[in-house]
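Structure, as structure tokens:
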Amino acid sequence: MTPARWFLAALALYFAAQAALRISLGGALEVDEAEMLVLAQDWRWGYGPQLPLYNWLQVGSFAIFGPTTAALAILKNLVLWAAYAGLFIGLRQVASDRRAMLGTLSLVLLPNVMWEFQRASTHSIALLAAITWTLAAVLAVLNRGRLADYIWLGVALGIGGLAKPNFWLLPLALLLAALITKTPQRLRAGPMALAGLVMAALVAMPLVWVLQNPDLAFASTAKLYRSDSGYPDWLEGLGEGLGGLLAGMVLVLIAAAILRYVRRRQPSAPDWPAQLLLRAAGIATVLTLAAIAVAGASQVQSRWLLPIMLLASPGVILAAAPAPSLRAARVFMAVALALALVTLSGMADLRLRGKATGSIDFAPLAGLAGGLRPTAVFANYHIGGNLRLLRPDLRILAPQRAIDPLPTGPVLILTSGDVIPDPATAFAERGLPLADRAVLGGGPMTLAFGGAQGEVFTLNYLALGAAQN
Numbered sequence: 000m001t002p003a004r005w006f007l008a009a010l011a012l013y014f015a016a017q018a019a020l021r022i023s024l025g026g027a028l029e030v031d032e033a034e035m036l037v038l039a040q041d042w043r044w045g046y047g048p049q050l051p052l053y054n055w056l057q058v059g060s061f062a063i064f065g066p067t068t069a070a071l072a073i074l075k076n077l078v079l080w081a082a083y084a085g086l087f088i089g090l091r092q093v094a095s096d097r098r099a100m101l102g103t104l105s106l107v108l109l110p111n112v113m114w115e116f117q118r119a120s121t122h123s124i125a126l127l128a129a130i131t132w133t134l135a136a137v138l139a140v141l142n143r144g145r146l147a148d149y150i151w152l153g154v155a156l157g158i159g160g161l162a163k164p165n166f167w168l169l170p171l172a173l174l175l176a177a178l179i180t181k182t183p184q185r186l187r188a189g190p191m192a193l194a195g196l197v198m199a200a201l202v203a204m205p206l207v208w209v210l211q212n213p214d215l216a217f218a219s220t221a222k223l224y225r226s227d228s229g230y231p232d233w234l235e236g237l238g239e240g241l242g243g244l245l246a247g248m249v250l251v252l253i254a255a256a257i258l259r260y261v262r263r264r265q266p267s268a269p270d271w272p273a274q275l276l277l278r279a280a281g282i283a284t285v286l287t288l289a290a291i292a293v294a295g296a297s298q299v300q301s302r303w304l305l306p307i308m309l310l311a312s313p314g315v316i317l318a319a320a321p322a323p324s325l326r327a328a329r330v331f332m333a334v335a336l337a338l339a340l341v342t343l344s345g346m347a348d349l350r351l352r353g354k355a356t357g358s359i360d361f362a363p364l365a366g367l368a369g370g371l372r373p374t375a376v377f378a379n380y381h382i383g384g385n386l387r388l389l390r391p392d393l394r395i396l397a398p399q400r401a402i403d404p405l406p407t408g409p410v411l412i413l414t415s416g417d418v419i420p421d422p423a424t425a426f427a428e429r430g431l432p433l434a435d436r437a438v439l440g441g442g443p444m445t446l447a448f449g450g451a452q453g454e455v456f457t458l459n460y461l462a463l464g465a466a467q468n
């Protein structure tokens, strides 16, 4: 095999190992994984605040493997492999294989990508893959400019538009950067219009769903405005944004500094691919900070800055290593391998010994639900998804799922922590009318953390009888 194929095969082997580890260890689901068990039960144009791409993929995975941990783990790691492959294929169009490998492995140095996305994320993984394949399409357009490249760009933009809303920061930043960067090909209006039509065809129906269901689609915007620090919201948001960006990029910057230092020849100006990526990252940063200030957002999660990091990280590495030596490449890959092994062992340790959402023993709750035999269970995504993993026969209704029919039989309401189940609130959250129902039982319940002795997870349950006319 060629070095490029060896590289893609090595990435596939790593993600296969991650999937096998997750399946073999089993245990409870993380919050995002559990959400898929609740929401991705059927095909819909929209599912709530998140765009539908990952839900659709998960529906297909569940159709093949059933509502199981395997269906979650195989899909997650397949999408992660596709993200790395997309970046490598894109960079390989404009750089040597060795340099493209280093640029691709810069993702390993991003904590969100290497740890958080592997541990718990879903929609952000779809965003990661959409970004890398869009970047590959943009590089193809600017390097070759064939009609097929523009169609590829339109498909990538449409897929990205179905992943997460912050995807749109990437094509906007790349467009502005392309206008001020000297590239082999320039953007052409006619083919760009064709790409726009392809994109519009892909996002049309989900966009219609968003317009028809604005309360569901924008239900999570409140999390941008949770602050009690005493500082102005916009100032706190800017601080979190800059801090998150620096924390996310610190390992990449250190690696780039080392690559720059060990070069034997005089530093040269970055070539056009590196210039394009770095300028786009700068533009994306400015646009993001401006949006935070204008919106007055006080809460900015590091993972929301993924479009900036995915422009900056390969751009920084390409600029630092215009012609990496074989020795430098081997050292870089050895570091990436070491981080991969640490991640694998860390995932196993967290699931086996840690006090984490993925180590809670939900078996007693499944036994309780089996004894009560409810026709529907009202629960949050974490509890509901884990319950469905053990009892796929149960009908789980999560908040914001207002398009479900009204359950007329017995209902089980579950809440976590100190929240006491309230029937009126539970039904109202789902847009369902509350009929007279007899209380069959209820109270607190504690579940053990499998990896932490003496630690417990507390929830409350309330069983209601059938609706009375």
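With numbering that gives the first Met the number 0, letter number 426 in the sequence shown gets 425, and the count goes up by one each step, no holes.
We treat Cβ as the ideally placed atom computed from N, Cα and C, and that holds for glycine.
What is the C-beta distance between residue 156 and residue 133, in whole angstroms, given that I count them as a contact (C-beta under 8 Å)? For the purposes of this step, residue 156 is taken as the residue at position 157 of the sequence shown. For the purposes of this step, residue 133 is taken as the residue at position 134 of the sequence shown. Confirmed, about 6 Å.
DSSP state of residue 359 mapped onto helix, strand, coil: As a working note, residue 359 is residue 360 in the sequence shown. The answer is strand: DSSP assigns residue 359 an E or B state.
Per DSSP, the bridge partner or partners of residue 484: This structure does not reach residue 484, given that the chain is present from 0 up to 468, and the question cannot be answered.
In terms of DSSP beta bridges, what is residue 489 paired with? In this structure the chain extends from 0 to 468, so residue 489 is not present and cannot be described.
From what residue to what residue does the beta strand (DSSP E) around residue 296 run? On the sequence shown, residue 296 is found 297 positions in, with the first residue counted as 1. Residue 296 -> no beta strand (DSSP E), and no H or E assigned at all.
Whole-Å CB distance - residue 32 paired with residue 119, under 8 Å assumed: The sequence position of residue 32 within the sequence shown is 33, counting from 1. The sequence position of residue 119 within the sequence shown is 120, counting from 1. Right, their Cβ atoms sit about 7 Å apart.
Let me know the alpha helix (DSSP H) ranges lying completely inside the segment 144 to 217, each 4 residues or longer, listed in chain order. 146 to 160, 168 to 178, 188 to 211, 213 to 216
With a cut-off of 8 Å on the beta carbons, I'd call residue 482 and residue 386 a contact; round off their distance for me. The question about residue 482 has no answer here: the residues shown for the chain are numbered 0 through 468.
Assuming contact is defined by CB atoms lying nearer than 9 Å, are residue 389 and residue 347 in contact in what I supplied? Numbered from 1 along the sequence shown, position 390 holds the residue referred to as residue 389. Numbered from 1 along the sequence shown, position 348 holds the residue referred to as residue 347. The answer is no: Cβ separation not under 9 Å.
Let me know if residue 153 comes out buried or exposed under the rule of 16 or more other beta-carbons within 10 Å of its beta-carbon. By one-based count along the sequence shown, residue 153 stands at place 154. Burial call: buried.
Compare the Cα-Cα distances from residue 315 to each of 269, 39, 380 and report the closest residue. The sequence position of residue 315 within the sequence shown is 316, counting from 1. Nearest C-alpha to residue 315: 269.
For the pair the segment 271 to 287 and the segment 71 to 82, tell me if three or more CB-CB distances fall below 8 Å. The segment 271 to 287 is not in contact with the segment 71 to 82.
Helix, strand or coil for residue 96 per DSSP? Here the question's residue 96 lines up with position 97 in the sequence shown. In the structure shown, residue 96 sits in a helix (DSSP, three-state: H, G or I).
Backbone secondary structure at residue 435 - three-state DSSP: If you number the sequence shown from 1, residue 435 lands on position 436. Residue state, collapsed to three classes: strand.
CA-CA distance, residue 434 and residue 174? Translated into the one-based positions of the sequence shown, residue 434 becomes position 435. Translated into the one-based positions of the sequence shown, residue 174 becomes position 175. Going by the C-alpha atoms only, they are around 55 Å apart.
Continuous alpha helix (DSSP H) assignments of at least 4 residues falling wholly in the segment 39 to 75: Counting only runs of 4 or more, we get 52 to 64.
By Cβ distance below 7 Å, which residues in the same chain neighbour residue 61 in space, the five residues on each side in sequence not counted? As a first step, residue 61 must be located in the sequence shown, where it is residue number 62. Same-chain partners within the cutoff: 39, 70.
Could you compute how far the alpha carbon of residue 429 sits from the alpha carbon of residue 442? Counting from 1 along the sequence shown, the entry for residue 429 is found at position 430. Counting from 1 along the sequence shown, the entry for residue 442 is found at position 443. Each residue's Cα considered, the two are about 22 Å apart.
Beta-carbon proximity of residue 464 to residue 439, cut-off 9 Å: One-based indexing of the sequence shown puts residue 464 at position 465. One-based indexing of the sequence shown puts residue 439 at position 440. Taking 9 Å as the Cβ cut-off, residue 464 and residue 439 qualify as a contacting pair.
Specify whether the segment 233 to 241 and the segment 282 to 290 touch according to this definition: at least 3 beta carbon pairs, one from each stretch, less than 8 Å apart. Contact between the segment 233 to 241 and the segment 282 to 290 is present, because at least three Cβ pairs lie under 8 Å.
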